[in-house]
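Asker: What follows is a structure written as C-alpha cells; I'll ask about it next.
Protein chains: 2
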Amino acid sequence: MATRIIAIYHVKDSADRIAARAHAIAVEQSVEMPVSAITDRGVLDDIVGKVEDIKDLHDGGFEVRIGLAVATTGLEPGQLMNMLFGNSSIHADIELHDAEFPDPVLSAFGGPNHGLCGLRARAGAQNRALTCSALKPQGLDAKALADIAARLAAGGLDFIKDDHGLADQSYSPFAERVPAVAEAVRRANPKTGYLPSLSGNLDQLRAQVKIARQAGLNAALIAPMITGLASFHTLVRENPDIAFMAHPALAGASHIAPPLLLGKIFRLMGADATVFPNHGGRFGYSRQTCHALADAARSPWADLKAGVPVPAGGMTPERVPEMLQFYGSDVMLLIGGGLLAAGPRMTEEAAKFQDAVASAMVA
Amino acid sequence: MATRIIAIYHVKDSADRIAARAHAIAVEQSVEMPVSAITDRGVLDDIVGKVEDIKDLHDGGFEVRIGLAVATTGLEPGQLMNMLFGNSSIHADIELHDAEFPDPVLSAFGGPNHGLCGLRARAGAQNRALTCSALKPQGLDAKALADIAARLAAGGLDFIKDDHGLADQSYSPFAERVPAVAEAVRRANPKTGYLPSLSGNLDQLRAQVKIARQAGLNAALIAPMITGLASFHTLVRENPDIAFMAHPALAGASHIAPPLLLGKIFRLMGADATVFPNHGGRFGYSRQTCHALADAARSPWADLKAGVPVPAGGMTPERVPEMLQFYGSDVMLLIGGGLLAAGPRMTEEAAKFQDAVASAMVA
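So this is what it looks like as C-alpha cells:
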C-alpha cells in the first residue's frame, strides 16, 4: 500500500457539492485526468489521491483531508509543493491549511541542522529568548552598512541579519559588503552573529555561501519562496555548518496557511529559524496565526530539530515583555527599524533591547 | 536620476488613509525602515520608493503607482520579485496588479528566445493556432507513457508536453522516460514536438536539459514559481536552442495578477509559451483575465519576442471554434484529459482536434 502524505485543505463550497469537490481535488493533485480513463491498477490503487475525510467547519467551508502518494513527490522539494498545491493554488476558494508528513518524507528532507538548541549555544543563551536586528537601508555602500552593523552589535545583540532587500546590488556588492560587515561586527562584539542575505540562482547562492564562510560566518538569511525551495534545501544539506534563517518574502499571504508554509514546511526543508510578521505590527497576522506558526516551527516533531520562531515587522523594544509573555523564551525577537530609528542612539537602544530580553530570564 | 520600475498595486483602503498607505508601500518595497532615520542623500533620492500616482478605482480600492529604483533589483529575477512584492505579498489587501519595466530591465532579462514565431516555424504552421496535448497519468512507467504519447502524436498534434506532475519519480525516472517518449513520438509523427517536464534544483534541471537534448529534443516544460524564477531564467539564457513552456503551478492565485505574472513576467524571463487555465474550465479565471493574460504574453513589447498563450485546464475538442474566436490564431490550444479520456480512440480524437484547428485557418 502506498505511503501517503495527508494534505489538509479548507474549501469554501456547499454541503451538496463538497464530496464531488473533494474528489476533484484528489484527482487534480495526483493524476490530473479523468480517473475513468485510467486502466492501470497500480495507478488507481497507489497514485490517485484519496479523500480520507471531509469535515464541516461551520464557517461556510469544509476541511478536506486527501491522501497523496509519497512516490509522486520524488522526494524533491519543488515537486512536493507541486503535489501539495500546484494546480489547486489557482482556485481562490481553496487554502492548503496543513499537511501531515510520514516518516520517509521527514527523513528525506531532514529539517534543521542547528535549530533552537544550536542557535542558543552560539549565543551562549540557554534560558532566555534570543535577539536579532536587521541591517538596512539598502542603497548604502558596504562601509556605511558596516558602520551601522557595528553600532548595533556594540549594543550586545545576539544576531544581526541583512535586510532581505540587501542582495547583490551595484551600490553594495555581496562580495564587498559581507566581509566588511562581518569584520565590523566582529570588532564591535565578537559574540554577535551576522547573517548575510543570500540571493540568486544556485550557482550564485553557492558562491555567496563561500564568501560568507571565508569571512568567518556560519549563518545566513534566505527567502525560500523567492529562491525556490529546491535551492534552499540544497544549500541546507550542502552546508551543515551554516545555520539558515528563512524570510517570508513572497510567501506570506498565498493560499497556503502561514503556520504550514513558514512553520512546518520551511522547518522540514531545514530552516533553523523562520522570520514572520508578528501580530500588531505592520502586517495582518492574527495572534492565533502567530501562535500556530511558532508552534509549528518549534514543537516536538519526530526526530526533527526544533526551529526558532522569529516574530518581526514593526516591533519595538517596548513590546519585549508582551512578546515574551506571548511566545515564551523559545523565540528570537527581531527589531530592525525600531532600533535604526534611534540614529545616533542606536547602540544604546540595541543595548536596552538586549537587556530587556536578558533580564526577562530572571523573572 | 534613478531609472525606475513602475509597480502598480491595487489596494483596498479608505480614501482618508490611502496617501499614507501608498507611502508605506513605497517604503516597504524599498528601504523598509523609517525614512526619517535615513540621512544619506543618495538613498533618499535614488533608492526610497516614490509614490507616482494614486487613482480611485471606485470599487472600494485604489490603484497606487510606485516608482522602484532598478538598481535595487540587481537585475536578478528573484530580487526583482522581492522588490516588486516581497513583503507586501503578506498583506491580504494588496494585489500586485501590473508593472512597467524600463529598457534596462527588458534588455537585462531578454524575454523569449523563440516565442510565437519560433514555435510556429517548428510546427510548420504559419497562419493557424498551434495544438498541444498533455502526457499523463503519472504513476505509469516509461514504456506505458511512451505508448500514450505515440497514440497522441499519431493524431498529428503539433506538441505534446509532459503533465507538470511528471517529475523524476521512481516509477518513471526522467532519464528513462524522456528518451523513451521522445523516440516513440518521433516514430509516430516526426513533426510532433515533445516537451518533457523539468524539475529540481539547478544542477538537476541542467542534467535534465542535457538528457532532453541527447534525446533530440529542443523544448521543455517548467513551472517557474516552483523552481524559482532564477533557475528558470538561468536555463533560458544557457539554452538558447531550447524553447520553454511555462506552467502556472503554485502561481495561479497569489496576490499577483495573472496577466502580470503568467503573462508579462514569465515572458520577460524567457517563456516562449505560457500555460494558464482558460475561462469556463476547471478553474475560475474570468474571460477578462484570460484576455489580458494572452495580450501580455503576445502583444508587441519593446524588442521582446511575442510569447504564445496556452489556455488549458479542462478543455475539449468541442470548444475549439469558440476558443479560436476568443483568442484568434496567435495561440496554442492545449487539451490533455479531454483526449486521454477517449481511451482506445485517443488517436482519432487527437486528429479531430488537430483538424479542427487546422481547418479553422481557412475560415
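Residue numbers (the numbering used here), protein chains in the order written: chain A, 1 to 363; chain B, 1001 to 1363.
Cβ coordinates follow ideal geometry from the N, Cα and C atoms, glycine included.
Answer with buried or exposed for ARG187(A), where buried requires no fewer than 16 other C-beta atoms within 10 angstroms of its C-beta.
Answerer: Exposed, because fewer than 16 other Cβ atoms sit within 10 Å of the Cβ of ARG187(A).
Asker: Quick check on ALA351(A): does DSSP put it in helix, strand or coil?
Answerer: Helix, per DSSP.
Asker: Between GLU349(A) and the rest of its own chain, which residues show a CB-CB distance below 6 Å, the 5 nearest in sequence each way excluded?
Answerer: For GLU349(A), where only same-chain residues beyond five positions count, the Cβ hits under 6 Å are LEU339 and ALA342.
Asker: Determine, for LEU1250(B), whether the minimum Cβ-Cβ distance to residues of chain A falls below 8 Å.
Answerer: By this cut-off, LEU1250(B) is an interface position.
Asker: Within the continuous alpha helix (DSSP H) that includes ARG1206(B), where are the two ends?
Answerer: 1202 to 1214 is the extent of the alpha helix (DSSP H) around ARG1206(B).
Asker: In the structure shown, what three-state DSSP assignment does GLU1076(B) receive?
Answerer: Three-state result, GLU1076(B): coil.
Asker: In its own chain, which residues sit with a C-beta less than 8 Å from the C-beta of GLU1076(B), not counting the 5 before and 5 after it?
Answerer: If we look at GLU1076(B) and ignore the five residues flanking it on each side, its Cβ neighbours are ALA1230.
Asker: Show which residues of chain B have a CB atom less than 7 Å away from the CB atom of PHE283(A).
Answerer: Ordered by position in chain B, the residues that pass the 7 Å Cβ test against PHE283(A) are ILE1090 and HIS1091.
Asker: Is there contact here, the segment 107 to 114 of chain A with the segment 132 to 149 of chain A, by at least three beta-carbon pairs under 8 Å?
Answerer: The segment 107 to 114 of chain A is not in contact with the segment 132 to 149 of chain A.
Asker: By Cβ distance, which residues of its chain are closer than 6 Å to LEU1166(B), with the 5 residues on each side in sequence left out?
Answerer: These residues qualify, in order along the chain: GLN1138 and SER1197.
Asker: Between which two residues does the beta strand (DSSP E) holding ARG1120(B) run?
Answerer: Note, ARG1120(B): premise wrong, no beta strand (DSSP E); alpha helix (DSSP H) at 1115 to 1123.
Asker: For ALA125(A), is the beta carbon positioned less than 7 Å from some heavy atom of the ligand GDP?
Answerer: In the structure on display, the ligand GDP does not appear, and there are no ligands present to speak of.
Asker: ILE25(A) lies in the alpha helix (DSSP H); which residues open and close that run?
Answerer: First-last of the alpha helix (DSSP H) with ILE25(A): 18 to 28.
Asker: Out of curiosity, what's the CA-to-CA distance linking ILE8(A) and MET225(A)?
Answerer: Rounded to the nearest angstrom, the two C-alpha atoms are 20 Å apart.
Asker: Taking only beta-carbon atoms, is THR1234(B) less than 8 Å away from chain A?
Answerer: Answer yes: the Cβ-Cβ gap between THR1234(B) and chain A drops below 8 Å somewhere.
Asker: Taking DSSP's pairing of strands, which residues face CYS1290(B) in a bridge?
Answerer: DSSP output for CYS1290(B) lists no bridge partner at all.
Asker: Less than 7 Å between C-beta atoms, sequence neighbours within five positions excluded: which residues of the same chain meet that for GLY313(A)?
Answerer: Result list for GLY313(A): PRO277, ASN278, GLY281, ARG282 and PHE283, in chain order.
Asker: Output the distance between the C-alpha atoms of GLU63(A) and VAL27(A), rounded to the nearest integer angstrom.
Answerer: GLU63(A) and VAL27(A): Cα-Cα distance of roughly 17 Å.
Asker: ILE1047(B) touches chain A at which residues, Cβ-Cβ below 9 Å?
Answerer: Ordered by position in chain A, the residues that pass the 9 Å Cβ test against ILE1047(B) are PRO137, GLN138, GLY139, LEU140 and TYR171.
Asker: Any contact between the segment 1201 to 1211 of chain B and the segment 173 to 190 of chain A? By contact I mean 3 or more CB pairs, one from each, below 8 Å.
Answerer: Judged by Cβ distances under 8 Å, the segment 1201 to 1211 of chain B makes no contact with the segment 173 to 190 of chain A, as fewer than three pairs qualify.
Asker: In this structure, does DSSP put MET1245(B) in helix, strand or coil?
Answerer: It is a strand residue.
Asker: Once DSSP output is grouped into helix, strand and coil, what is the label at HIS1058(B)?
Answerer: Three-state DSSP puts HIS1058(B) in coil, outside helix and strand.
Asker: Could you list the residues in the segment 1202 to 1226 of chain B with a C-beta less than 8 Å from some C-beta on chain A, going in chain order?
Answerer: If the cut-off is 8 Å between Cβ atoms, the segment 1202 to 1226 of chain B has LEU1202, ASP1203, GLN1204, ALA1223 and ILE1226 near chain A.
Asker: Check the Cβ of MET81(A) against every Cβ in chain B and list those closer than 7 Å, keeping chain order.
Answerer: What MET81(A) touches in chain B: ILE1226 and LEU1250.
Asker: Can you give me the C-alpha to C-alpha distance between ALA296(A) and MET1269(B), rounded to a whole angstrom?
Answerer: Using only the alpha carbons, I get a separation of about 35 Å.
Asker: Whose CA, out of GLU1032(B), ILE1025(B) and THR1003(B), lies closest to the CA of ASP1053(B)?
Answerer: Of the listed residues, the one whose Cα sits closest to ASP1053(B) is ILE1025(B).
Asker: For GLU349(A), decide whether its Cβ has a neighbour in chain B, counting only Cβ atoms nearer than 8 Å.
Answerer: It does not; no Cβ of chain B falls within 8 Å.
Asker: Taking only the alpha-carbon atoms, compute the straight-line gap between LEU333(A) and ALA1182(B) and give it to the nearest angstrom.
Answerer: Roughly 54 Å separates the two Cα atoms.
Asker: Starting from ASP158(A), follow the alpha helix (DSSP H) in both directions and report where the run begins and ends.
Answerer: Element bounds for ASP158(A): n/a, residue is neither H nor E.
Asker: Along the chain, where does the beta strand (DSSP E) containing MET1225(B) start, and where does it finish?
Answerer: Counting along the chain, MET1225(B) falls outside any beta strand (DSSP E), though it belongs to the alpha helix (DSSP H) covering 1224 to 1227.
Asker: Using the C-alpha atoms, what's the distance from MET315(A) back to ILE1047(B)?
Answerer: The alpha-carbon atoms of ILE1047(B) and MET315(A) are separated by roughly 23 Å.
Asker: What does a CB cutoff of less than 7 Å around LEU1145(B) pick up in its chain, not counting 5 residues either side in sequence?
Answerer: LEU1135, SER1172, ARG1177 and VAL1181, listed in sequence order.
Asker: At 7 Å on the CB atoms, spell out the chain B contacts of ASN87(A), in chain order.
Answerer: Going along chain B in sequence order, the residues near ASN87(A) (Cβ under 7 Å) are ALA1249.
Asker: Does ARG298(A) pass the burial test, meaning 16 or more other C-beta atoms within 10 Å, or should it be called exposed?
Answerer: Buried, since its Cβ has 16 or more Cβ neighbours within 10 Å.
Asker: Taking buried to mean at least 16 other C-beta atoms within 10 Å of its own C-beta, is SER359(A) buried or exposed?
Answerer: Answer is exposed; the Cβ neighbour count stays below 16.
Asker: Of all the CB atoms in chain A, is at least one closer than 8 Å to the CB of PRO1277(B)?
Answerer: Closer than 8 Å to some Cβ of chain A, the Cβ of PRO1277(B) qualifies, so yes.
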